[in-house]
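**Q** Mapping of the sequence shown onto my numbering: position 262 corresponds to residue 278, and the numbering continues sequentially without gaps.
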Amino acid sequence: MSGTGITRRDPLAGGEPAAFEGLDAIEAAQVRRCVRVLLRRPLLRAEGPDGETLPAVRRYADRLQTLFAAYLGYRLVVEPGFARLYKTGHTPDGVRGAHKPNGAAFTPRAYAYLALVLAVLTGGGGQLLLSSLVAEVRAAGAEAGLELGTGIVDRRALAAALRHLVDLGVLAETDGSVSPWAEDADREALLTVNAELLGHLVAAPLRRHASPQALAGAAEAPAADGAPGAAADERHAVRRRLVEDPVVLLAALPKAQREWLRAHLRSEAHLLEELTGLRMEVRAEGVLAVDPEGYLTDRVFPGTGTVARIALLAAAELLADPAADPAEPGTASAPRPDSSGGGAAERAEAAAGGPAGGEDGWIAVEPGRLRAVVADIAERYPRAWSREAVRDPGRLAESVAQALAQAGLARVRPGGLVELNPAAARYRPVPDAPAGEGADVGDTAGDDRTGAADRAAPRPGAGQDALFGL
């Protein structure tokens with residue numbers, strides 16, 4: 017590193033254009049901040065979240081466009097009132113869709129209404145009444161052969177779609193609001209359409225893609241091995257995985273991408289931190305990109321609350337033995353030896369990141385085993401948890417599985433089978449004191465803010481640096 021904090025070499029080495037050339041440390045930090053904001057908010061508006069960053073994005077537009085194109089193969093459009101990063105070419109694992117104002121996920125009906133509203137608004141502009149827009153949406157639905165109703169369920173779904181477009185800035189509520197219309201169909205509102213922003217909303221031209229899957233992964237077809245552009249395709253594909261997914265397992269990558277990552281692991285770790293602020297942790301099974309600031313995700317793991325804490329403890333027990341019977345209620349599981357102690361088998365398992373899994377490294381856990389472990393943890397520390405959260409053990413187990421899946425540490429198969437990502441071993445809790453020494457957490461925890469997870473915080477144990485560092 018130079019005295020200014022900028023690498024002496026071009027951070028986009030290998031013949032790609034320099035994005036930080038001629039910048040001092042403060043300017044480079046501003047560019048990096050812009051990169052992080054655009055990754056988190058691909059549609060950045062002056063009036064929206066992190067809108068104060070837009071002037072810097074405009075100031076460094078040329079450098080940012082160069083950086084995103086060279087590093088990830090993304091296209092960045094910067095306009096006076098917004099910036100749009102087109103993140104096509106990779107569908108992140110565990111991607112979450114749109115949500116209603118109350119936090120509930122969009123239903124298929126809400127998505128259908130969202131598509132119909134966009135179709136009606138496309139090519140238009142200016143202002144229109146809510147009643148007129150609703151009539152046109154229903155007419156478009158009938159033309160498409162959709163069975164749409166006028167009841168409360170349909171009105172709520174349509175209102176959620178409209179509210180989502182208001183939040184994105186595509187629609188503005190000039191007079192009145194769309195939300196009350198869901199409960200009272202006689203309510204009226206005057207809406208203003210931002211036609212320019214509407215034109216940049218969809219990530220790729222719909223007419224070019226025959227299926228949702230093709231649209232979600234829209235990108236130029238990868239070149240054949242050995243053909244011109246093949247190396248660039250592999251580079252961009254792997255980097256998109258590193259930036260967009262919480263965890264990237266080597267087994268999940270095609271052979272060419274896997275070999276490319278292995279050959280460039282150290283340099284890519286440097287680039288990842290230099291350009292995005294993410295730090296790469298490396299294990300035998302793959303890599304994990306960590307954001308020390310916790311900005312690039314809206315859900316942090318380990319988190320707070322009953323479900324998040326039980327998920328942390330349950331993952332540790334399931335990794336220890338995904339098929340064993342749970343411990344007797346009220347007894348603590350035996351402490352797991354770390355890489356500095358235990359027998360040869362334990363040390364080998366720790367170095368590998370956990371118990372052996374399937375061909376792709378994931379570890380299968382039967383639904384009954386998950387429910388038993390979750391119920392045992394809830395019973396073991398009864399005063400540590402929210403009573404409402406642990407009232408239904410089956411529902412709690414489903415919530416725990418979803419919490420792990422949203423963090424990229426599990427996947428839920430049809431039938432309730434849960435498969436744990438080997439990366440979950442990173443979060444094994446380390447006790448404050450040897451088992452049996454210290455008060456039972458259930459005797460001291462008075463509410464959901466304290467409890468088992470507080471006394472078993474995920475701190476690195478002996479040998480962790482060697483396991484996860486480069």
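The beta-carbon is built from N, C-alpha and C at its ideal position, and this holds for glycine as well.
At which residues does the alpha helix (DSSP H) containing Tyr-129 begin and terminate?
**A** Run containing Tyr-129: 124 to 137, per the alpha helix (DSSP H) assignment.
**Q** If the criterion is Cβ atoms closer than 7 Å, does the pair Ala-383 and Gly-432 meet it?
**A** Looking at the sequence shown, residue 383 is not Ala but Pro. Contact flag set, yes.
**Q** For Arg-257 and Val-264, I'd like the C-alpha separation in whole angstroms.
**A** Those two C-alpha atoms are separated by around 7 Å.
**Q** Buried or exposed: which applies to Ile-542, given that a residue is buried once 16 or more other Cβ atoms fall within 10 Å of its Cβ?
**A** Lying outside 17 to 486, the shown extent of the chain, residue 542 is not represented and no answer is given.
**Q** Let me know the secondary structure DSSP gives Gly-105 once reduced to three states.
**A** Coil at Gly-105, not helix or strand.
**Q** Could you pull out every residue in the same chain whose Cβ sits closer than 6 Å to the Cβ of Val-169, ignoring the five residues on either side in sequence?
**A** Once the five neighbours on either side are set aside, Val-169 has no close Cβ partner at all.
**Q** Can you give me the Cβ contacts of Pro-196 inside the same chain, cut-off strictly under 7 Å, excluding the 5 residues immediately before and after it?
**A** Around Pro-196: Arg-203.
**Q** So the candidates are Tyr-90, Gly-141, Leu-70; which of them puts its Cα closest to the Cα of Leu-206?
**A** Looking at the Cα atoms, Gly-141 is the closest of the given residues.
**Q** So for Glu-333, helix, strand or coil by DSSP?
**A** Here Glu-333 sits in helix by DSSP.
**Q** From the DSSP output, read off the bridge partner residues of Asp-191.
**A** Asp-191 pairs with Leu-206.
**Q** Count the other C-beta atoms from every protein chain shown that fall within 10 angstroms of the C-beta of Gln-273, then say buried if there are 16 or more, exposed otherwise.
**A** Gln-273 is buried by the Cβ-count criterion.
**Q** What does the alpha-carbon distance come out to for the pair Leu-425 and Leu-334?
**A** Whole-angstrom Cα-Cα distance: 12 Å.
**Q** Please report how far the alpha carbon of Phe-36 lies from the alpha carbon of Tyr-87, in whole angstroms.
**A** One C-alpha to the other measures close to 13 Å.
**Q** Identify the continuous beta strand (DSSP E) that holds Ala-426 and give its terminal residues.
**A** Run containing Ala-426: 426 to 428, per the beta strand (DSSP E) assignment.
**Q** Let me check you understand the geometry: is the CB of Val-194 closer than 6 Å to at least one non-hydrogen atom of the ligand HEM?
**A** As far as ligands go, the structure on display features none, and thus does not contain the ligand HEM.
**Q** Grouping DSSP H, G and I as helix and E and B as strand, with all else coil, what is Glu-289?
**A** Helix, per DSSP.
**Q** Kindly give me the distance between the Cβ atoms of Gln-422 and Arg-315, rounded to whole angstroms, as I take these residues to be in contact under 8 Å.
**A** Right, their Cβ atoms sit about 6 Å apart.
**Q** Skipping 5 residues on each side, what residues in its chain have a beta carbon closer than 7 Å to that of Glu-189?
**A** So the qualifying residues of the chain are Val-182, Ala-205, Leu-207.
**Q** Excluding sequence positions up to five away, which residues of its chain have a Cβ less than 8 Å from the Cβ of Ala-394?
**A** Closer than 8 Å at the Cβ level, and outside the excluded window around Ala-394, lie Ile-326, Trp-401, Val-406, Pro-409, Leu-412.
**Q** In the DSSP assignment, the beta strand (DSSP E) including Glu-435 goes from what residue to what residue?
**A** Segment 434 to 436, the beta strand (DSSP E) holding Glu-435.
**Q** Tell me which residue opens and which closes the beta strand (DSSP E) that Val-263 is part of.
**A** That run of the beta strand (DSSP E) goes 263 to 265.
**Q** What is the residue span of the alpha helix (DSSP H) that Gly-215 lies within?
**A** Element bounds for Gly-215: 211 to 215.
**Q** Let me confirm a value: Val-218 is counted as buried when at least 16 other C-beta atoms fall within 10 Å, else exposed. Which label applies?
**A** Classification of Val-218: exposed, given that the 10 Å Cβ count is below 16.
**Q** If I follow the unbroken alpha helix (DSSP H) through Leu-181, where does it start and stop?
**A** That run of the alpha helix (DSSP H) goes 168 to 184.
**Q** Taking C-alpha atoms, which residue in Glu-260, His-286, His-280 lies nearest to Arg-112?
**A** It is Glu-260.
**Q** Considering only residues of the same chain and omitting the five flanking positions on each side of Arg-52, which have a CB-CB separation below 7 Å?
**A** Once the five neighbours on either side are set aside, the close Cβ partners of Arg-52 are Thr-292, Gly-293, Tyr-311, Leu-312.
**Q** Could you tell me which residues DSSP pairs with Ala-300 in its beta bridges?
**A** Paired residues: none, contrary to the question.
**Q** Can you tell me which of Ala-126, Gly-165, Phe-317 puts its alpha carbon nearest to the alpha carbon of Pro-445?
**A** The shortest Cα separation from Pro-445 among Ala-126, Gly-165, Phe-317 belongs to Phe-317.
**Q** Buried or exposed: Gly-302, going by 16 or more other Cβ atoms within 10 Å of its Cβ?
**A** The residue is buried, with at least 16 neighbouring Cβ atoms inside 10 Å.
**Q** Return the residue from the list Val-93, Glu-95, Leu-329, Gly-119 that minimises the CA-CA distance to Arg-396.
**A** Of Val-93, Glu-95, Leu-329, Gly-119, the residue nearest in Cα terms is Leu-329.
**Q** Taking DSSP as the reference, what is the three-state secondary structure of Gly-142?
**A** Residue state, collapsed to three classes: strand.
**Q** Can you list, in chain order, the residues of its chain with a C-beta nearer than 8 Å to that of Val-390? Leave out the 5 residues immediately preceding and following it.
**A** The answer, listed in chain order, is Ile-326, Ala-330, Pro-409, Leu-412, Ala-413, Val-416.
**Q** How far does the alpha helix (DSSP H) with Leu-162 in it reach, from first residue to last?
**A** Note, Leu-162: premise wrong, no alpha helix (DSSP H); not H, not E.
**Q** From Gly-215, Phe-122, Ala-135, His-216, pick the residue whose C-alpha is nearest to that of Ala-175; which is it?
**A** The shortest Cα separation from Ala-175 among Gly-215, Phe-122, Ala-135, His-216 belongs to Phe-122.
**Q** Flag this pair as touching only if the segment 132 to 139 and the segment 93 to 101 have three or more C-beta atom pairs under 8 Å; answer yes or no.
**A** Judged by Cβ distances under 8 Å, the segment 132 to 139 makes no contact with the segment 93 to 101, as fewer than three pairs qualify.
**Q** Could you spell out where the beta strand (DSSP E) holding Ala-380 opens and where it closes?
**A** 379 to 381 is the span of the beta strand (DSSP E), which, as asked, contains Ala-380.
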